[in-house]
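Taking our numbering, the leading residue of the sequence shown gets 24, the next gets one more, and so forth. Just so you know, even glycine gets a beta-carbon here, dropped at the ideal spot from N, CA and C. Since the model is a prediction, treat every value here as computed from it, not as a measurement. One structure is given here, and the rest of the page talks about it.
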Amino acid sequence: MHRRHLTLAGLAWLSGAQAASHATMLPPAVAPGPASTPPAPNPAPLATASSGGAPPASLRLLSEEFPPINFTEAGQPRGLSVDLVQAIQKRLGQSLPIEFMPWARAFREAQDGPPAALFSMARIPEREKLFQWVGPIVTFQSTFYAKAGSGLRLRSLAEAKRAAKVLVVRDWYTLAQLQSAGFHNLQQISDPIQGVRMLAAGRAPLFAAEKLSMPQTLVQAGVAKDALEEVFSFAASEGYIAFSRSTPMGTIHAWQSQLNEMKRDGTFQAIHKRWLPGDPAPR
Numbered sequence: 024m025h026r027r028h029l030t031l032a033g034l035a036w037l038s039g040a041q042a043a044s045h046a047t048m049l050p051p052a053v054a055p056g057p058a059s060t061p062p063a064p065n066p067a068p069l070a071t072a073s074s075g076g077a078p079p080a081s082l083r084l085l086s087e088e089f090p091p092i093n094f095t096e097a098g099q100p101r102g103l104s105v106d107l108v109q110a111i112q113k114r115l116g117q118s119l120p121i122e123f124m125p126w127a128r129a130f131r132e133a134q135d136g137p138p139a140a141l142f143s144m145a146r147i148p149e150r151e152k153l154f155q156w157v158g159p160i161v162t163f164q165s166t167f168y169a170k171a172g173s174g175l176r177l178r179s180l181a182e183a184k185r186a187a188k189v190l191v192v193r194d195w196y197t198l199a200q201l202q203s204a205g206f207h208n209l210q211q212i213s214d215p216i217q218g219v220r221m222l223a224a225g226r227a228p229l230f231a232a233e234k235l236s237m238p239q240t241l242v243q244a245g246v247a248k249d250a251l252e253e254v255f256s257f258a259a260s261e262g263y264i265a266f267s268r269s270t271p272m273g274t275i276h277a278w279q280s281q282l283n284e285m286k287r288d289g290t291f292q293a294i295h296k297r298w299l300p301g302d303p304a305p306r
C-alpha cells in the first residue's frame, strides 16, 4: 500500500513537471505592429478577352479551303481573312492556330461545340440568329455557272428553277439563298472543287457558286479557266467572322473593336487590296 501511494504521488508530480516544462517551450505571442510581416497581397486577376488580354483557352478558329479568302499553301494558312484574323490576334496579344476542314463540318462544329470562330461566312438572314458576327471583311457574289459552249443563258432566278439540276455546296450561303427562293432542283455536293469538275464533265447544267473564289477553285480542280462560263449573278452578301453563340460577349466586342481600329488606321484596306486589288473594301 505504501509503495502504491508513493508511485501515484510520483506520477502526479512528474505529470505536473512535464506540463510546466511544455509551457515554457511555447513561443510567446507576437502582437501585430509595424515590424510584423504584412500578409501577402492577392494575386492580380487574369486578363480576359473583354479587357484585350488572352481569350478563353477553348476558343477555336475554324476555316476552309476557299482561296483567295482563306486557304492553305505548303501547310500554312493564307488569304485575306487569314491575314485579318492574325492581325486582330496580334493586337489582342493572342496567337491561336487556325484549323482547316470541310465547310459542312466547320459549320456544324461552330454551332454545336465550345467557343469558336468560323471565317469567312456570308451574313444572310437564314444564319443571323445562329452566330455572333464580327465584320464585315469581304463582299461575296452569288453566281450561276454553266459549262462553256452550252449556250445556256439566264435572266432570272425563275429560269434557273426550271433547270434539270443545280449543283450547290452543302451548308454554303448559296444553298440557303436558293432554298429560301423556293428551289427544288438542288443537288448538294461536298465542296466547290467537286462542283467544278461535275459541271465541266456535263453531269449538271448549272453550278451555284461564289465569284471571288472561282478562279482559284478552277486551278485547284485542275480545270481550264475557260471550261466554265458565268451566266447569271443573283445576289451580293457581306462576309464576316462568325462566332458561336457560346463565345463570351467580351470576345466579340474585343475582336470587333480591333477590326474597327484597323479600318480607321488603314491596315484593313491595305490587306484587302493585297488580295483583292480590283474590289472595293467593305466599310
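Notebook entry, point to check: Using the C-alpha atoms, what's the distance from D194 back to P137?
Noted result: Position 114 of the sequence shown, counting from 1, holds the residue named residue 137. Position 171 of the sequence shown, counting from 1, holds the residue named residue 194. Roughly 20 Å between the two C-alpha positions.
Margin query: Taking the straight line between their C-alpha atoms, what separation do you get for L180 and G225?
Written below: The count along the sequence shown starts at 1 and reaches residue 180 at position 157. The count along the sequence shown starts at 1 and reaches residue 225 at position 202. In a straight line, the C-alpha of L180 is about 21 Å away from that of G225.
Notebook entry, point to check: On the three-state DSSP scale, how would you describe M48?
Noted result: In the sequence shown, counting from the first residue as 1, residue 48 sits at position 25. Model confidence at M48 stands at a pLDDT of 37, short of 50, so the residue's coordinates are unreliable; what they give is reported in the following sentence. Note: M48 maps to helix in three-state DSSP.
Next item on the list: For A83, I'd like the list of residues in its chain whose CB is within less than 6 Å of its CB, leaving aside the five on either flank, ordered along the chain.
Entry: As a position in the sequence shown, residue 83 is number 60, starting the count at 1. Residue identity differs from the one stated: residue 83 is Arg in this sequence, not Ala. Result list for R83: A139, in chain order.
Check: Between A227, S104, R185, which lies nearest to N93 when the distance is taken from Cα to Cα?
Finding: Residue mapping note: residue 93 aligns to position 70 of the sequence shown, counting from 1. Closest option to N93, Cα to Cα, is S104.
Notebook entry, point to check: Got a sec? Which residues, its chain only, sit under 7 Å from Q217 by beta carbon, not counting five neighbours each side?
Noted result: Indexing the sequence shown from 1 puts residue 217 at position 194. Once the five neighbours on either side are set aside, Q217 has no close Cβ partner at all.
Checklist line | Straight-line Cα distance separating E182 from F167 | finding: Locating residue 167 in the sequence shown gives position 144, counting from the first residue. Locating residue 182 in the sequence shown gives position 159, counting from the first residue. Using only the alpha carbons, I get a separation of about 11 Å.
Check: Is it buried or exposed for Q281, if we count other Cβ within 10 angstroms and need 16 for buried?
Finding: Counting from 1 along the sequence shown, the entry for residue 281 is found at position 258. Answer is buried; the Cβ neighbour count reaches 16.
Margin query: Below 8 Å on the Cβ atoms is my contact criterion, and I expect L198 with A129 to pass it. Report the Cβ-Cβ distance as a whole number of Å.
Written below: Here residue 198 refers to the residue found at position 175 of the sequence shown. Here residue 129 refers to the residue found at position 106 of the sequence shown. Contact flag wrong, Cβ pair sits at about 15 Å.
Item checked: In DSSP terms, what L229 is bridged to -> Mapped onto the sequence shown, residue 229 falls at position 206. Looking at the DSSP assignment, L229 forms a beta bridge with V189.
Next item on the list: List the endpoints of the continuous alpha helix (DSSP H) containing A133.
Entry: Here residue 133 refers to the residue found at position 110 when the sequence shown is read from its first residue. From DSSP, the alpha helix (DSSP H) with A133 extends over 126 to 135.
Checklist line | Which residues DSSP lists as bridging P100, in chain order | finding: Working through the sequence shown from its first residue, we reach residue 100 at position 77. In the DSSP output, where bridge partners are listed per residue, P100 has T95.
Note to self: I'd like the list of long-range same chain contacts for L159, defined as Cβ closer than 6 Å, with 5 residues on each side in sequence excluded.
What the structure shows: Indexing the sequence shown from 1 puts residue 159 at position 136. Sequence check: residue 159 is Pro here, not Leu. Closer than 6 Å at the Cβ level, and outside the excluded window around P159, lie E261, Y263, P305.
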